[in-house]
Amino acid sequence: MFVAGGIMLSRLAGLIRQRALAHYLGLGDQADAFAAAFRIPNIIQNLFGEGALSAAFIPVYARRLGAGDPEGARRVAGAVLGQLGLVISLVVLAGVLSAPLLVAGLAPGFEGEKRALTVLLVRVLFPGAGLLVFSAWCLGILNSHRRFFLSYAAPVAWNLAIIITVLWAGPRLDPAGVTVAAAGASVAGSLLQVLVQLPLARRLAERPPVSLGRGDPLVGEVRGAFAPALLSRGVVQVSAFVDSFIASLLPTGAVAALTNAQLLYQLPVSLFGMSIAAAELPAMASATGNAEEVSAALRQRLRQAGERVAFWVIPSAAAFMALGHMIAGLVFQSGRFSAADARYVWGILALASVGLLASTLARLFGSAFFALGDTRTPFRCAATRVALATVFGFLAAWFGPGLLQLDPKWGVAGLGLASGLAGWVEFGLLRHALRQRIGEVRLPPGRVAALWMAAGGGALAGWGVLLLLPDSPLFLRSIVSLGAFGVVYLLITYLLGIPQAVGLLRR
Numbered sequence: 221m222f223v224a225g226g227i228m229l230s231r232l233a234g235l236i237r238q239r240a241l242a243h244y245l246g247l248g249d250q251a252d253a254f255a256a257a258f259r260i261p262n263i264i265q266n267l268f269g270e271g272a273l274s275a276a277f278i279p280v281y282a283r284r285l286g287a288g289d290p291e292g293a294r295r296v297a298g299a300v301l302g303q304l305g306l307v308i309s310l311v312v313l314a315g316v317l318s319a320p321l322l323v324a325g326l327a328p329g330f331e332g333e334k335r336a337l338t339v340l341l342v343r344v345l346f347p348g349a350g351l352l353v354f355s356a357w358c359l360g361i362l363n364s365h366r367r368f369f370l371s372y373a374a375p376v377a378w379n380l381a382i383i384i385t386v387l388w389a390g391p392r393l394d395p396a397g398v399t400v401a402a403a404g405a406s407v408a409g410s411l412l413q414v415l416v417q418l419p420l421a422r423r424l425a426e427r428p429p430v431s432l433g434r435g436d437p438l439v440g441e442v443r444g445a446f447a448p449a450l451l452s453r454g455v456v457q458v459s460a461f462v463d464s465f466i467a468s469l470l471p472t473g474a475v476a477a478l479t480n481a482q483l484l485y486q487l488p489v490s491l492f493g494m495s496i497a498a499a500e501l502p503a504m505a506s507a508t509g510n511a512e513e514v515s516a517a518l519r520q521r522l523r524q525a526g527e528r529v530a531f532w533v534i535p536s537a538a539a540f541m542a543l544g545h546m547i548a549g550l551v552f553q554s555g556r557f558s559a560a561d562a563r564y565v566w567g568i569l570a571l572a573s574v575g576l577l578a579s580t581l582a583r584l585f586g587s588a589f590f591a592l593g594d595t596r597t598p599f600r601c602a603a604t605r606v607a608l609a610t611v612f613g614f615l616a617a618w619f620g621p622g623l624l625q626l627d628p629k630w631g632v633a634g635l636g637l638a639s640g641l642a643g644w645v646e647f648g649l650l651r652h653a654l655r656q657r658i659g660e661v662r663l664p665p666g667r668v669a670a671l672w673m674a675a676g677g678g679a680l681a682g683w684g685v686l687l688l689l690p691d692s693p694l695f696l697r698s699i700v701s702l703g704a705f706g707v708v709y710l711l712i713t714y715l716l717g718i719p720q721a722v723g724l725l726r727r
């Protein structure tokens, strides 16, 4: 609950941030430049930060705490912090110096002023992304001590810095100036995000001495798990960059539209996938007993967590598919961002949502492998997904619109579809590998079918509202149609006796 609450606040702040940017940038060249530039330095945070660091650091740190060895946990925390500081400083410096090469390689379709603006934004954003890695270190400490809310709500400070800056700069500067101001605010917000968490993290870790941890076997264990976890996160980043690479070759607006669709897509992934997986990781890593007892405990936790994920993610996917234009319009449609832009984002979002359930369950199953000390299996499964998404995504984006006689800009929707289908392959591989380790973990097929049926009923109710209110203001139509969707879904699942719905309504 605390993880979901923190993520909800940070994601809502992120949506407000993106709406402010969309209001002043729309889907023009400056929006494309900011979206691409934002993605490039963000690789530091995603590679060295939450994903890889959590997978390698939290299990070792949590096991030391569970074994009654706070001094060992303290020593590991200080050594990880020291090594991160050294590595990230070098990576940030290299990123700032090589910004033109990075933009040329990752956004080859950008030219002239658009390319120059992207290079400038990358150089401004890189230090902030480096700071966010230290936020991930704080997250690892806080989560291991079961302090979930602060670590996941801290990005609100980062988002607020950008929102306030954009609202100030928007009426005063041209779109290019707004992007530069937002990039500078991102760096300041990154520092705020670290400072919000650092005092409590240092106190919980008993003010760990910063070192490089040479010769420490516990630090060696973290390093040994970090490299495969880094590769696993790396292949995910490759997928994101390939999508951005291909989108940069498509007409103006493709990169920005893809970014907006991904922001909406990631909302349920974060709320119901990442939050549950993050809460379960320390608990699964702390499981004790013989091999069968540990396996039984993991199976039980995964089944229960998987049912919670499905209850929330299946209606999210259905809403994105059926009412995505209302969601995109409600969140982004303002100023330079038009109704046609909202429908464009909907098309991308609807096709990507084919794999939404698989993506969230894959995060949960991946956490089980991390708890078992196995970071290589998630890497292999993720690499397979990326390879499939890359090949079929390129074919769908480049040749799909011509075959279907569509505007070339719709090629970006093919990227979403390929990614969604490849997500099911990754999840299938993870489930098969986990079955061999701990036994079968499977959601009840009847439960899944019932949830899809309830979500379908909600979608019909939502469209019924749209047909009854064809000329009403966007805000009213969106709120009422999405509200009808939610009420009908919850009512049907309650009548079907789905435990999550029964418990929710009783509370």
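In this text, residue positions in the sequence shown follow this note's numbering: the first is 221, and each later residue adds one.
By construction, the Cβ of each residue, glycine as well, lies at the ideal position given by its N, Cα and C atoms.
What residue does the alpha helix (DSSP H) around residue i start on, and which one ends it?
i: E646; result: G631 to I658
i: T610; result: R596 to L623
i: E513; result: A511 to F552
i: D561; result: A559 to A572
i: R427; result: Per DSSP, R427 belongs to no alpha helix (DSSP H) and is neither H nor E.
i: A374; result: Looking at the DSSP string, A374 is not in any alpha helix (DSSP H), and its letter there is neither H nor E.
i: R583; result: L576 to A591
i: R662; result: Counting along the chain, R662 falls outside any alpha helix (DSSP H), and DSSP gives it neither H nor E.
i: R295; result: P290 to L317
i: V489; result: Per DSSP, V489 belongs to no alpha helix (DSSP H) and is neither H nor E.
i: L725; result: P719 to R726
In the structure shown, what three-state DSSP assignment does residue i receive?
i: P471; result: coil
i: F330; result: coil
i: D691; result: coil
i: I227; result: helix
i: P261; result: coil
i: H243; result: helix
i: D627; result: coil
i: L432; result: coil
i: R177; result: A query on residue 177 cannot be resolved here, the shown segment of the chain reaching from 221 to 727 and no further.
i: G555; result: coil
i: L359; result: helix
i: G248; result: coil
i: R366; result: coil
i: L716; result: coil
Assuming residue i and residue j form a contact by the criterion Cβ under 8 angstroms, report the distance between their Cβ atoms to the nearest whole angstrom.
i: L341; j: F254; result: 6 angstroms
i: E730; j: A578; result: Residue 730 lies beyond the stretch modelled for the chain, which goes from 221 to 727, so this question has no answer here.
i: D252; j: K334; result: 7 angstroms
i: V339; j: V316; result: Wrong, their Cβ atoms sit about 10 angstroms apart, outside the cutoff.
i: A373; j: A327; result: Incorrect: roughly 32 angstroms between the Cβ atoms, too far for contact.
i: L235; j: V551; result: 5 angstroms
i: L689; j: V700; result: 7 angstroms
i: R605; j: G643; result: 6 angstroms
i: A233; j: P347; result: Not really, about 21 angstroms apart at Cβ, beyond 8 angstroms.
i: L370; j: L420; result: 6 angstroms
i: A609; j: A638; result: 5 angstroms
i: L635; j: A607; result: Between A607 and L635 the Cβ distance is about 15 angstroms, and since that is not below 8 angstroms, they are no contact.
i: G301; j: H365; result: The sequence given here has Leu at residue 301, not Gly. Actually they do not touch by this definition, with Cβ atoms about 16 angstroms apart.
i: F695; j: G678; result: Incorrect: roughly 20 angstroms between the Cβ atoms, too far for contact.
| Complete alpha helix (DSSP H) runs within the segment 381-429 (minimum length 4 residues, chain order) | 395-424
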